[in-house]
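Asks: Keeping their order, the protein sequence lines are chains A and U.
If you want this note's numbering, it's the 1-based position in the first sequence plus 1055.
If you want this note's numbering, it's the 1-based position in the second sequence plus 1055.
There are 2 protein chains.
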Amino acid sequence: MKDFGSDKKNVIQANLDAQKIAFAPIMFQAAKSLRNLGILEYLFRNNKATVKTIASALNLSIYGVKVLLEAGLSLELVYLKNNEFLLTKTGYFILRDKMTNINMDFTQDVNYMAMNHLEKSIVNGKPEGLKELGDWDTVYVGLSELPGKSKKSWFDFDHYYSDYTFPEVMPILFKDHPKSFLDVGGNTGKFSMQCAAYDPNVKITILDLPGQVNVARKNIAKAGFEDRISAIEINLLDKTIPFPKGFDIIWMSQFIDCFSLEEISGLFKRAYESMNVDASFYILETFWDLQKFQASTYSLHATSLYFTTVANGNSQMYHSQDILSVIENTGFVVDELHEMIGMSHTLIKCKKK
Amino acid sequence: MKDFGSDKKNVIQANLDAQKIAFAPIMFQAAKSLRNLGILEYLFRNNKATVKTIASALNLSIYGVKVLLEAGLSLELVYLKNNEFLLTKTGYFILRDKMTNINMDFTQDVNYMAMNHLEKSIVNGKPEGLKELGDWDTVYVGLSELPGKSKKSWFDFDHYYSDYTFPEVMPILFKDHPKSFLDVGGNTGKFSMQCAAYDPNVKITILDLPGQVNVARKNIAKAGFEDRISAIEINLLDKTIPFPKGFDIIWMSQFIDCFSLEEISGLFKRAYESMNVDASFYILETFWDLQKFQASTYSLHATSLYFTTVANGNSQMYHSQDILSVIENTGFVVDELHEMIGMSHTLIKCKKK
């Protein structure tokens, strides 16, 4: 692994950062309240305002607006000039940036209560926080039954980080005119349908759990792709069930982060065994060490702990080296590696050795 | 109010800061687990180590140690060099700094669950998070019955920020050889006993709620100060009950942050009415605008939200101007203002106009 980070901060800065961590959940809730109660929106629309003006306009107490905006000063969401508050760029991100809002809602609605069980999840090797959402062994079994806002926040988060990559990968995947795809972990069929729309002749088979396959089939029928996209229910964790053979491309998009390294090894082996020598195996994934922006690495490190505490207790957003080792050990060679698909994805093309 | 903050960050930094906020509760739990599971301690004692070595030494899974340490990289608690992790200064603060640990435990044990009700507390003007700890109107009524770790964490937090200031204020308070103190909100008697120990002739009267007075009386008896320290039960919020008269000094230490500005006005009025022209009124308080370090301001802004959501729903850590206005409106003049008592306190001496 490449070196990462340093200890170059001075003590004053280190102390400030430590206090930011120590009060983090409190200040998170402050930022969320500033957003949800319309205070940031008011500043955005009116450029600047006093506590009193905002309280009156939003029908909130002066006290309430005051403590939130003062927290907003330390959060650097707002600043104070001539007794009036103004929005900062960070405040604008919290107010309007789609990704930031999706991350924040995912943290609150899926993770806030659950994350209180992180330590226990680490010790027990189980997603001990999941019980805050429902009585399942993994979140994947319960996706369609997630309570309240958590369902929307989960799917918004999941889709946001994959949808925007598909247009960019299509020309790469279709360069050699593949006739067939095996979409392993195809979920609700989004990728398969984009493939079918991109190339009028390609045929795709989705492999996934029964719950996901049912949703996928409905979506496929609705889009009129039944003749070219089929879906097979399979327990992907059962190493004794081979993958169907003969596909030009095997595809795993934002999929392996749902599995432990040992499970990934089993999936890659079955992919390998199902492939002809000419077939290609593509992996689209976000690796925390291959990010252009520190913000992306930060988000991935936090997301790993969602897997620990909520999803399954044993997977994560990986370091590229973790996965390249499994690729090599399976008998594949990396044929191409495209960094920076979309904002934070890497596309790896493997061939049989 | 003086201007505070600015909008000078670039967009990259603003985005990073926004993601840090968006994932804050998750990363807080990561930091706490790194501390509680002994991982930071192991790095402190051994200088550096691989994931595997730490996992083996602490009897934790490689996976668990790995996801936590990777989160630790983004939290800048650790850094990675030649495949080994090392502790940073920030990591040391989270591991060993007393204040940081007191803040962190206060956030977790008193505030984590409660703070989920911040927004509702603002809207309703009530500490809606308090029900996570017990069925009381304010936290002060329930202090002696706080459940589990929350009691220790509450008192550790409360005492940490006042105890260390007392030695520094004694020479100032006793400069003119006062014969008597009225210790308003004297709590468990810590300040009064230090006064009694500092000057063998001074007499002190504590005013506080019955619960606190009972504890104070026990402490006073144990210390053998019954002849010079007495305690009176009083509902300090009842404006119709005057303060006892004739004291040389009226003292309010870290007390007014438990009250709304309107309530403080009532307290100051009763102090005023009880004072002779020669008497002095001292206020020892932490004001968020008079801090030397940004870390202190940050902590105070976060602590305000504890008052909003847990303590009483209407008080906060104030801006100095908030309180100076009440002082003036009551008819006092500021005779002396000592900034930076201890690390973050201000001592204000008032006289009747």
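Yeah, the Cβ is synthetic: ideal placement off N, Cα and C, and Gly gets one too.
Tell me whether residue 1134/U is buried or exposed, calling it buried when 16 or more other Cβ atoms sit within 10 Å of its Cβ.
Replies: If you number the second sequence from 1, residue 1134/U lands on position 79. Residue 1134/U is buried by the Cβ-count criterion.
Asks: Could you please give me the residues that DSSP links to residue 1307/U through a beta bridge?
Replies: On the second sequence, position 252 is the one that residue 1307/U refers to. DSSP, once it has assigned bridges, lists 1338/U as partnering residue 1307/U.
Asks: Would you say residue 1228/A and residue 1259/A are within 9 Å of each other, going by their C-beta atoms?
Replies: Locating residue 1228/A in the first sequence gives position 173, counting from the first residue. Locating residue 1259/A in the first sequence gives position 204, counting from the first residue. Cβ distance not < 9 Å, so residue 1228/A and residue 1259/A don't count as in contact.
Asks: For residue 1314/U and chain A, any beta-carbon pair shorter than 9 Å?
Replies: Along the second sequence, one-based indexing puts residue 1314/U at 259. Answer no: the Cβ-Cβ gap between residue 1314/U and chain A never drops below 9 Å.
Asks: Report the option in 1325/A, 1281/A, 1176/A, 1171/A whose CA atom is closest to the CA atom of residue 1301/A.
Replies: The sequence position of residue 1301/A within the first sequence is 246, counting from 1. Selected option, being the one with the closest Cα: 1325/A.
Asks: Quick check on residue 1159/A - is its C-beta less than 9 Å from some C-beta in chain U?
Replies: One-based indexing of the first sequence puts residue 1159/A at position 104. So yes, residue 1159/A belongs to the interface.
Asks: Alpha carbon to alpha carbon, how far is residue 1131/A from residue 1261/U?
Replies: As a first step, residue 1131/A is located in the first sequence; it is residue number 76 there, counting from the start. As a first step, residue 1261/U is located in the second sequence; it is residue number 206 there, counting from the start. In a straight line, the C-alpha of residue 1131/A is about 41 Å away from that of residue 1261/U.
Asks: Closer than 9 Å, Cβ to Cβ, to anything on chain U: give me those residues from the segment 1078-1105 of chain A, in chain order.
Replies: Of all residues in the segment 1078-1105 of chain A, 1078, 1079, 1080, 1081, 1082, 1083, 1084, 1085, 1086, 1087, 1088, 1091, 1092 have a Cβ within less than 9 Å of some Cβ in chain U.
Asks: Residues of the segment 1059-1076 of chain U in Cβ contact with chain A at a cutoff of 7 Å, in chain order, please.
Replies: Within the segment 1059-1076 of chain U, the residues whose Cβ lies closer than 7 Å to some Cβ of chain A are 1059, 1060, 1061, 1062, 1064, 1066, 1067, 1069, 1070, 1071, 1072, 1073, 1074, 1075, 1076, listed in chain order.
Asks: Can you name the residues of chain A whose CB is closer than 8 Å to the CB of residue 1131/U?
Replies: Looking up residue 1131/U in the second sequence gives position 76. In chain order: 1060, 1064, 1072.
Asks: Grab me the residues of residue 1405/U's own chain with a C-beta within less than 8 Å of its C-beta, minus the 5 sequence neighbours each way, in chain order.
Replies: Counting from 1 along the second sequence, the entry for residue 1405/U is found at position 350. Around residue 1405/U: 1335, 1336, 1337, 1338, 1382, 1387, 1388, 1389, 1390.
Asks: Checking contacts by CB at 9 Å: is residue 1109/U closer than that to chain A?
Replies: As a first step, residue 1109/U is located in the second sequence; it is residue number 54 there, counting from the start. No, its Cβ sits nowhere closer than 9 Å to a Cβ of chain A.
Asks: Can you name the start and end residues of the alpha helix (DSSP H) that residue 1147/U belongs to?
Replies: As a first step, residue 1147/U must be located in the second sequence, where it is residue number 92. Where residue 1147/U is concerned, the enclosing alpha helix (DSSP H) stretches over 1144-1151.
Asks: List the residues of chain A whose Cβ lies closer than 8 Å to the Cβ of residue 1193/U, in chain order.
Replies: Here residue 1193/U refers to the residue found at position 138 when the second sequence is read from its first residue. Near residue 1193/U there are no residues of chain A at all, since even the closest Cβ is about 15 Å away, more than 8 Å.
Asks: Is the CB of residue 1136/A under 9 Å away from at least one CB in chain U?
Replies: Start at 1 with the first residue of the first sequence, and residue 1136/A comes out as number 81. It does: the Cβ of residue 1136/A has a partner Cβ on chain U nearer than 9 Å.
Asks: Got a sec: is the Cβ-Cβ distance from residue 1350/U to anything in chain A below 9 Å?
Replies: Position 295 of the second sequence, counted from the start, is the residue given in the question as residue 1350/U. So yes, residue 1350/U belongs to the interface.
Asks: Check whether the segment 1078-1093 of chain U touches the segment 1153-1164 of chain A, counting contact only when three or more Cβ pairs, one atom from each stretch, lie closer than 8 Å.
Replies: They touch, by the three-pair rule.
Asks: Could you tell me which chain U residues have their CB closer than 8 Å to the CB of residue 1282/A, listed as they occur along the chain?
Replies: Position 227 of the first sequence holds residue 1282/A. What residue 1282/A touches in chain U: nothing, since even the nearest Cβ is about 43 Å away.
Asks: Am I right that residue 1219/A and residue 1397/A are in contact with their C-beta atoms under 8 Å? What's the rounded C-beta distance?
Replies: As a working note, residue 1219/A is residue 164 in the first sequence. As a working note, residue 1397/A is residue 342 in the first sequence. Yes, residue 1219/A and residue 1397/A are in contact; Cβ-Cβ is about 5 Å, under 8 Å.
Asks: Could you name the residues of chain D that residue 1122/A contacts, counting a contact when the two beta carbons are closer than 7 Å?
Replies: No chain D appears in the structure shown, which is made up of the protein chains A and U.
Asks: Measuring CA to CA, which of 1057/A, 1098/A, 1089/A is closest to residue 1141/A?
Replies: As a first step, residue 1141/A is located in the first sequence; it is residue number 86 there, counting from the start. Of 1057/A, 1098/A, 1089/A, the residue nearest in Cα terms is 1098/A.
Asks: So is residue 1214/A in contact with chain U if we call contact Cβ pairs under 9 Å?
Replies: Numbered from 1 along the first sequence, position 159 holds the residue referred to as residue 1214/A. Not closer than 9 Å to any Cβ of chain U, the Cβ of residue 1214/A fails to qualify, so no.
Asks: Run through the segment 1243-1297 of chain A for me and flag every whole beta strand (DSSP E) of 3 or more residues, listed as ranges in chain order.
Replies: Fully enclosed beta strand (DSSP E) runs of 3 or longer: 1258-1263, 1284-1288.
Asks: Check the Cβ of residue 1144/A against every Cβ in chain U and list those closer than 7 Å, keeping chain order.
Replies: As a first step, residue 1144/A is located in the first sequence; it is residue number 89 there, counting from the start. Correct list: 1062, 1064, 1066, 1069.
Asks: Grab me the residues of residue 1088/U's own chain with a C-beta within less than 6 Å of its C-beta, minus the 5 sequence neighbours each way, in chain order.
Replies: Counting from 1 along the second sequence, the entry for residue 1088/U is found at position 33. Counting only Cβ-Cβ distances below 6 Å, and skipping sequence neighbours, we find 1123.
Asks: Taking only the alpha-carbon atoms, compute the straight-line gap between residue 1107/A and residue 1255/U and give it to the nearest angstrom.
Replies: Reading the first sequence from its first residue, position 52 is the one you call residue 1107/A. Reading the second sequence from its first residue, position 200 is the one you call residue 1255/U. Spanning the two alpha carbons is a distance of roughly 50 Å.
Asks: Can you list, in chain order, the residues of its chain with a C-beta nearer than 7 Å to that of residue 1169/U? Leave out the 5 residues immediately preceding and following it.
Replies: Here residue 1169/U refers to the residue found at position 114 of the second sequence. Counting only Cβ-Cβ distances below 7 Å, and skipping sequence neighbours, we find 1184, 1185, 1187, 1188, 1364, 1365.
Asks: Listing by chain order, which chain A residues have their CB less than 7 Å from the CB of residue 1152/U?
Replies: Counting from 1 along the second sequence, the entry for residue 1152/U is found at position 97. Here the neighbours are 1073.
Asks: On the DSSP letters alone, give me the boundaries of the beta strand (DSSP E) that residue 1238/A sits inside.
Replies: Reading the first sequence from its first residue, position 183 is the one you call residue 1238/A. Segment 1235-1239, the beta strand (DSSP E) holding residue 1238/A.
Asks: Which of the three DSSP states is assigned to residue 1183/U in this structure?
Replies: Within the second sequence, the letter at position 128 stands for residue 1183/U. DSSP places residue 1183/U in coil when its eight states are reduced to three.
Asks: Could you tell me which of 1346/U, 1083/U, 1267/U, 1243/U sits nearest to residue 1174/A, measuring between CA atoms?
Replies: The count along the first sequence starts at 1 and reaches residue 1174/A at position 119. Considering only alpha carbons, the answer is 1083/U.
Asks: Give the residues of chain A in contact with residue 1343/U, contact being defined as C-beta atoms less than 8 Å apart.
Replies: The count along the second sequence starts at 1 and reaches residue 1343/U at position 288. Neighbours of residue 1343/U on chain A, chain order: 1125.
Asks: Taking Cβ-Cβ distances below 9 Å as the criterion, which residues of the segment 1164-1185 of chain A are in contact with chain U?
Replies: Listed by position along the chain: 1166, 1167, 1168, 1170, 1171, 1172, 1173, 1174, 1176, 1177, 1178, 1180.
Asks: Return no unless some Cβ of chain A is closer than 9 Å to the Cβ of residue 1203/U.
Replies: Here residue 1203/U is taken as the residue at index 148 of the second sequence, counted from 1. No, residue 1203/U lies away from the interface with chain A (no Cβ there is under 9 Å from its Cβ).
Asks: When we look at the beta-carbon of residue 1346/U and count the other beta-carbons within 10 Å, is it buried (16 or more) or exposed?
Replies: Indexing the second sequence from 1 puts residue 1346/U at position 291. Residue 1346/U should be labelled buried.
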